[in-house]
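Residue numbers (the numbering used here), protein chains in the order written: chain H, 1 to 213; chain E, 1001 to 1211.
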């Protein structure tokens, strides 16, 4: 059989059309999620390693300075297992908190405004924390400071994006606060984060048997 | 400075406006469609076949391809078509009979291709990327020799493969897409979305399939 020869002009056209050099920021942000999934599959597959990698990706791709990830533990309660951007004292206070599944449904103690399919915004003025949890903030003395503009993201404001497992049961969430500009994050950021979080759920629910926290 | 109550009201208004849950563009629609697919298929109780079926249907519905199929590596190391849509019954029968070895995936003399990323290959109709007899796997085999009038045309015989791998980097399957609805090559953004879906499929299936 005659050897098949390539049409090199058409090949050049394809390579130019799909060149990785000309990607738009949106295309690049989708590709970052793919790279994250690919990287997590090659990691040592420990939950903590995956969560730390998730935090590094979010820090690189979004305007948030403070990120914490809470995940369901073997006792069925939720604990913060990975954090970035917090002072030592705030981080210690966060590590000490245990949330029960009932706490996640408690919108009286933690009033929130839904901003996406799995995202909620907690407004500082509504005191979305239990007594004593003020210590989890980097600057607790700033809580209650009047807001100068409605699009400010203040100390005490935070966003939770939930990770769901089968039957829509929460397996954890990512908590985000303090943007670099001090303003609310863009809509694109929340859309990207929701997709990222749903991919993170895939990784966490498909960790190999024997993977530990 | 805003008072407490007026601050809450103003905040709620801006949150409603900025983050309204209604998708605003095609990209947001795709993001929603993928999240919804992941929520459905990320369940160990689901069979591999139903995961492939739902993924194929989602891609077929959300992207510009009329033909979508997914192949998996079986325990004997052979890749076989597991699901396919957008082909005639005769083509489907031929597809389901095709067996590809690992060597076939790398065989540039039988299946010449152009790598457009580390997980995506484009097969051009002009290069006849099929074995004798496999022409019948295409819906319109008589159109396989059609001349490409413009370089951005997508012809019968053009197809794209998106590979997915397991933890040891072995290819465990791939998504095949062809026959765009507008007859043109897909946009770069489409390729990137499908690469994400393929990689996620690998993450979901890798522990179900032998390496």
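Built from N, CA and C at the ideal position, the CB exists for glycine as well.
Please report the distance separating the alpha-carbon of residue i from that of residue j.
{"i": "residue 1 of chain H", "j": "residue 1202 of chain E", "result": "Confidence at residue 1 of chain H is low in this model, with a pLDDT of 47, below 50, so the placement of that residue should be treated as unreliable; the coordinate-derived value is given next. Distance between the alpha carbons of residue 1 of chain H and residue 1202 of chain E: 36 Å."}
{"i": "residue 179 of chain H", "j": "residue 57 of chain H", "result": "15 Å"}
{"i": "residue 1168 of chain E", "j": "residue 41 of chain H", "result": "9 Å"}
{"i": "residue 106 of chain H", "j": "residue 93 of chain H", "result": "21 Å"}
{"i": "residue 185 of chain H", "j": "residue 177 of chain H", "result": "10 Å"}
{"i": "residue 160 of chain H", "j": "residue 119 of chain H", "result": "6 Å"}
{"i": "residue 18 of chain H", "j": "residue 1150 of chain E", "result": "16 Å"}
{"i": "residue 64 of chain H", "j": "residue 152 of chain H", "result": "13 Å"}
{"i": "residue 125 of chain H", "j": "residue 66 of chain H", "result": "19 Å"}
{"i": "residue 1059 of chain E", "j": "residue 143 of chain H", "result": "46 Å"}
{"i": "residue 163 of chain H", "j": "residue 1152 of chain E", "result": "40 Å"}
{"i": "residue 173 of chain H", "j": "residue 1097 of chain E", "result": "45 Å"}
{"i": "residue 12 of chain H", "j": "residue 1116 of chain E", "result": "11 Å"}
{"i": "residue 113 of chain H", "j": "residue 127 of chain H", "result": "13 Å"}
{"i": "residue 1081 of chain E", "j": "residue 1099 of chain E", "result": "8 Å"}
{"i": "residue 62 of chain H", "j": "residue 1068 of chain E", "result": "34 Å"}
{"i": "residue 165 of chain H", "j": "residue 1200 of chain E", "result": "15 Å"}
{"i": "residue 59 of chain H", "j": "residue 52 of chain H", "result": "11 Å"}
{"i": "residue 1148 of chain E", "j": "residue 1086 of chain E", "result": "22 Å"}
{"i": "residue 201 of chain H", "j": "residue 1206 of chain E", "result": "15 Å"}
{"i": "residue 1208 of chain E", "j": "residue 1195 of chain E", "result": "20 Å"}
{"i": "residue 104 of chain H", "j": "residue 72 of chain H", "result": "11 Å"}
{"i": "residue 1178 of chain E", "j": "residue 1070 of chain E", "result": "12 Å"}
{"i": "residue 1101 of chain E", "j": "residue 97 of chain H", "result": "53 Å"}
{"i": "residue 50 of chain H", "j": "residue 43 of chain H", "result": "8 Å"}
Could you confirm whether any beta carbon from chain E is found closer than 8 Å to the beta carbon of residue i?
{"i": "residue 61 of chain H", "result": "no"}
{"i": "residue 127 of chain H", "result": "no"}
{"i": "residue 80 of chain H", "result": "no"}
{"i": "residue 184 of chain H", "result": "yes"}
{"i": "residue 98 of chain H", "result": "no"}
{"i": "residue 13 of chain H", "result": "yes"}
{"i": "residue 155 of chain H", "result": "no"}
{"i": "residue 138 of chain H", "result": "no"}
{"i": "residue 122 of chain H", "result": "no"}
{"i": "residue 53 of chain H", "result": "no"}
{"i": "residue 101 of chain H", "result": "no"}
On the DSSP bridge assignment, give the partners of residue i in chain order.
{"i": "residue 70 of chain H", "result": "H:80 and H:173"}
{"i": "residue 1084 of chain E", "result": "E:1069"}
{"i": "residue 1100 of chain E", "result": "E:1079"}
{"i": "residue 1114 of chain E", "result": "E:1122"}
{"i": "residue 1177 of chain E", "result": "E:1068 and E:1160"}
{"i": "residue 113 of chain H", "result": "H:121"}
{"i": "residue 973 of chain E", "result": "Nothing can be reported for residue 973 of chain E: it is not among the residues displayed for chain E, which extend from 1001 to 1211."}
{"i": "residue 8 of chain H", "result": "DSSP output for residue 8 of chain H lists no bridge partner at all."}
{"i": "residue 163 of chain H", "result": "H:172"}
{"i": "residue 266 of chain H", "result": "Residue 266 of chain H is absent from the model: chain H starts at 1 and stops at 213."}
{"i": "residue 1153 of chain E", "result": "E:1184"}
{"i": "residue 1094 of chain E", "result": "DSSP lists no partner for residue 1094 of chain E."}
{"i": "residue 152 of chain H", "result": "H:183"}
With a cut-off of 8 Å, does the C-beta of residue i fall near any C-beta of chain H?
{"i": "residue 1204 of chain E", "result": "yes"}
{"i": "residue 1074 of chain E", "result": "no"}
{"i": "residue 1189 of chain E", "result": "yes"}
{"i": "residue 1029 of chain E", "result": "no"}
{"i": "residue 1135 of chain E", "result": "no"}
{"i": "residue 1047 of chain E", "result": "no"}
{"i": "residue 1055 of chain E", "result": "no"}
{"i": "residue 1015 of chain E", "result": "yes"}
{"i": "residue 1065 of chain E", "result": "no"}
{"i": "residue 1141 of chain E", "result": "no"}
{"i": "residue 1011 of chain E", "result": "yes"}
{"i": "residue 1039 of chain E", "result": "yes"}
{"i": "residue 1171 of chain E", "result": "no"}
{"i": "residue 1103 of chain E", "result": "no"}
{"i": "residue 1122 of chain E", "result": "yes"}
{"i": "residue 1093 of chain E", "result": "no"}
{"i": "residue 1192 of chain E", "result": "yes"}
{"i": "residue 1148 of chain E", "result": "yes"}
Given a threshold of 16 other Cβ atoms within 10 Å of its Cβ, counted over all protein chains shown, does residue i qualify as buried or as exposed?
{"i": "residue 1185 of chain E", "result": "buried"}
{"i": "residue 189 of chain H", "result": "buried"}
{"i": "residue 1034 of chain E", "result": "buried"}
{"i": "residue 25 of chain H", "result": "exposed"}
{"i": "residue 1143 of chain E", "result": "exposed"}
{"i": "residue 132 of chain H", "result": "exposed"}
{"i": "residue 1129 of chain E", "result": "buried"}
{"i": "residue 1112 of chain E", "result": "buried"}
{"i": "residue 147 of chain H", "result": "buried"}
{"i": "residue 1182 of chain E", "result": "exposed"}
{"i": "residue 10 of chain H", "result": "buried"}
{"i": "residue 137 of chain H", "result": "buried"}
{"i": "residue 1121 of chain E", "result": "buried"}
**OP:** Could you pull out every unbroken beta strand (DSSP E) segment of at least 3 residues lying fully inside the segment 41-66 of chain H, listed in chain order?
**Re:** Counting whole runs of 3 or more residues, the segment 41-66 of chain H contains no beta strand (DSSP E) stretch at all.
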